[in-house]
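Each residue of the sequence shown is one higher than the one before, starting from 0 at the first, in numbering that gives the first Met the number 0. The next block holds one structure in the form of structure tokens; read it before the comments.
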Amino acid sequence: MTRARIGVLASGGGSNLQAILDHLAALGDARRGDVVLVASNRPDAGALARAQRAGIARAVLHSPHAPDGADLASELEAHRVELVALAGYMRLVPPEVTAAYRGRMLNVHPALLPEFGGPGMYGARVHRAVLQAGASLSGPSVHFVDEVYDHGALIAQWPVPVLPDDDDRTLSARVLRAEHLLYPRVVDAVAGGEVRLGDDGRVHGERFRGARLPVMDPSLDDRALAEELDRTLGLASPA
Ligand code: GRF
0 MTRARIGVLA
10 SGGGSNLQAI
20 LDHLAALGDA
30 RRGDVVLVAS
40 NRPDAGALAR
50 AQRAGIARAV
60 LHSPHAPDGA
70 DLASELEAHR
80 VELVALAGYM
90 RLVPPEVTAA
100 YRGRMLNVHP
110 ALLPEFGGPG
120 MYGARVHRAV
130 LQAGASLSGP
140 SVHFVDEVYD
150 HGALIAQWPV
160 PVLPDDDDRT
170 LSARVLRAEH
180 LLYPRVVDAV
190 AGGEVRLGDD
200 GRVHGERFRG
210 ARLPVMDPSL
220 DDRALAEELD
230 RTLGLASPA
């Protein structure tokens, strides 16, 4: 099987990167992609340390205040990256790169888009906005990336209940559990060509038809949640 060469862009701790690495490792020979590059705009990003531990090539994008299109494009090209997964990447990807990777670049956002997204909506701000709005559901959205923040076609959303005594930390932790289970499965499905962006700008494929999944039950442990998600998506659970 030829596997897609995946590049992950991350600015922070990299827990989603880790979830992708762990999931692909658990899938073993059945995985449809390999992470071949982790790039960050921050030399101190925890994601780079995780990449180093995993023996994956790393790149620091050196132009934190200038457009980093050329830098980024040449790193992706040098490592022959076919699919890009943004995982806590805090910068707008330059339009020349989003254009080159149309339908081949994914992002995970920690709220139910199109609400609570866009410029300035990252980290704790997202969860505070959800709480302030009195929403009863939040949860990760995985989408194809286009040239507008948090805007591209939605592939999957996993609603997570907002509980009455939540603060941004408790809500963020619950949403992050869902991110860590959902995002790697979407990355693998896109790597395997099961999900794709059509010329009509819509998501096509046999999986993730209709982006909204049933609401997550946070009382389940991670293993049971993963099994439930795999059942919903019709995926074989990793051993
Ligand atoms: C996640 O909440 C993700 O949704 C958002 O940034 C956060 C990254 O966390 N885009 P981590 O670096 O993967 O731990």
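Glycine residues also receive a C-beta, built at the ideal position from the N, C-alpha and C atoms. Computed from a predicted model, the values in this text were never measured in an experiment.
Among the candidates L36, P213, G133 and R206, whose CA atom is the shortest distance from the CA of D164? G133
Hey, would you say the C-beta of H108 is under 7 Å away from at least one heavy atom of the ligand GRF? yes
In whole angstroms, what separates the C-alpha of A223 from that of R230? 11 Å
Bounding residues of the beta strand (DSSP E) (the contiguous stretch that carries A56): A56 to V59
I'd like to confirm something about G13: is its beta-carbon nearer than 7 Å to some heavy atom of the ligand GRF, or not? yes
For N106, which three-state DSSP category applies? strand
Once DSSP output is grouped into helix, strand and coil, what is the label at A210? coil
Out of G204, W157 and Y88, point me to the one whose CA is closest to Y182's CA. W157
Leaving out five residues before and five after L23 in sequence, what residues of the same chain have Cβ atoms less than 6 Å from its Cβ? R30
Restricting to runs no shorter than 4 residues, where is the alpha helix (DSSP H) found entirely within the segment 157 to 203? 167 to 190
For the segment 116 to 143, which segments carrying the beta strand (DSSP E) assignment without a break, of at least 3 residues, lie completely within its bounds, in sequence order? 140 to 143
Measuring alpha carbon to alpha carbon, tell me which residue in R124, A235, V186 and P160 is nearest P213. P160
Please name the residue in H179, R101 and V174 whose C-alpha comes closest to that of D199. R101
Report the residue from A86, D216 and L36 whose alpha carbon sits nearest the alpha carbon of A77. L36
Does DSSP put A72 in a helix, a strand or coil? helix
Report the rounded CA-to-CA distance for R127 versus A38, giving the unit in angstroms. 29 Å
Rounded to the nearest angstrom, how far is the Cβ of G116 from that of A110, given a contact under 8 Å? 7 Å
Cutoff 7 Å; reference A3; Cβ partners in own chain excluding five residues on either side: R31, G32, E81, L82 and A190
Whole-angstrom Cβ separation of G11 and A58, contact assumed at under 8 Å? Wrong, their Cβ atoms sit about 16 Å apart, outside the cutoff.
Thinking C-alpha only, which one of S14, L91, V174 and N15 is nearest V125? V174
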